[in-house]
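Trainee: Residue numbers (the numbering used here), protein chains in the order written: chain A, 1 to 155; chain B, 1001 to 1155.
Glycine included, C-beta positions come from ideal geometry on N, C-alpha and C.
These numbers were taken from a predicted model, which means no experiment stands behind them.
Dumping the structure here so I can ask a few things about it.
Dropping the structure here:
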């Protein structure tokens, strides 16, 4: 079974090049951006502004070669792609949790964005702490890694 | 720009019919299941078992008609599809956070599963509290809704 994914909008961010993108939204809390939902989907946004945070789903449309095991931004040791958030993965779909600042018709103003400008948006779902917060979850191999600048040239 | 999504595995769960599926994993903490990752992707699982929780991404392959505004499991009042987790959405992709109990080769034993048996898996990403916990996020319109049994016949 295959499924065809078609963008429902575009994400606008301050990041024009991969090297400028933060590793995760947590490291770009103040980066502002906006989401333009195509007008034919605008109705689907009803009540989205009752939430302070949303998941955005998008395509890694600029990702390079898919590798199942590779070093990541946070570690020079290789890890499996399903143990990382690396963009070069089978079915290149990314998610980020961002703050929803305001909505005007089909435009959402957001903060804490970490994706490239003009990234294709494919879905929005509400972030609901009642369902989504697992404070006691482990940080896995990432737990022992400190934040660092993104290694140059690393996809 | 379009993207073709191809399953990388199959999710096995105790739920054979839509009516049996819990509303969210939070309400099925003890439901056990397993994930069978197709052997050609097994390498990508390296180190996934250092995490206690993972996001699983899957296709809503049994979803019915897409509507941009509709009542949901938790509320008879209609909400926009992007303000809900309802399966009948443009680009029918779902996510759940589940506990990862163990891994044996290409099989992951999991708990807290809320999807139909044989749902096509399309991605796994680690759940990392450092990146994913936003305790102060609002619960939006869902905040005032109590859990209830799924209304009969509601998709």
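Which residues in chain A sit within 9 Å of residue 1061 of chain B, going by Cβ to Cβ distance?
Mentor: Residue mapping note: residue 1061 of chain B aligns to position 61 of the second chain, counting from 1. Those are 1, 3, listed as they occur along chain A.
Trainee: Please check if any C-beta of chain B sits within less than 8 Å of the C-beta of residue 33 of chain A.
Mentor: Residue mapping note: residue 33 of chain A aligns to position 33 of the first chain, counting from 1. Residue 33 of chain A does not count as touching chain B.
Trainee: Going by C-alpha distance, which of A:46, A:99, A:144 is nearest residue 1077 of chain B?
Mentor: Within the second chain, the letter at position 77 stands for residue 1077 of chain B. The shortest C-alpha separation from residue 1077 of chain B is found at A:46.
Trainee: Tell me the rounded alpha-carbon separation between residue 1042 of chain B and residue 70 of chain A.
Mentor: Locating residue 1042 of chain B in the second chain gives position 42, counting from the first residue. Locating residue 70 of chain A in the first chain gives position 70, counting from the first residue. Cα to Cα, the separation comes out at about 14 Å.
Trainee: Step through the CB atoms of chain A and report whether any lies within less than 8 Å of the CB of residue 1080 of chain B.
Mentor: Translated into positions along the second chain, residue 1080 of chain B becomes position 80. So, interface residue.
Trainee: Say whether the region 1130 to 1144 of chain B touches the region 115 to 129 of chain A, bearing in mind that this needs 3 or more beta-carbon pairs closer than 8 Å, one atom from each stretch.
Mentor: Yes: at least three Cβ pairs fall under 8 Å.
Trainee: Looking at chain B, which residues of the region 86 to 110 of chain A have a Cβ within less than 8 Å of any of its Cβ atoms?
Mentor: Hits within the stretch, in order: 89, 90, 91, 92, 93, 95, 97.
Trainee: Mind pulling the chain A residues with CB within less than 7 Å of residue 1139 of chain B?
Mentor: Residue 1139 of chain B sits at position 139 when you count from the first residue of the second chain. In chain order: 128, 129, 130.
Trainee: Taking 8 Å as the threshold (beta carbon to beta carbon), is residue 120 of chain A in contact with chain B?
Mentor: Taking the first chain and counting its residues from 1, the one referred to as residue 120 of chain A is at position 120. Yes, residue 120 of chain A counts as interfacial toward chain B.
Trainee: What residue from B:1054, B:1032, B:1016, B:1005 has the CA that sits closest to residue 136 of chain A's CA?
Mentor: Sequence index remark: in the first chain, residue 136 of chain A carries index 136 (1-based). Residue 136 of chain A has its Cα closest to that of B:1054, out of B:1054, B:1032, B:1016, B:1005.
Trainee: On the DSSP bridge assignment, give the partners of residue 96 of chain A in chain order.
Mentor: The count along the first chain starts at 1 and reaches residue 96 of chain A at position 96. Per DSSP, A:56.
Trainee: List the residues of chain B that residue 7 of chain A touches, going by C-beta distances under 7 Å, in chain order.
Mentor: Along the first chain, read from residue 1 onward, the residue named residue 7 of chain A stands at position 7. Near residue 7 of chain A (Cβ distances below 7 Å), the residues of chain B are 1001.
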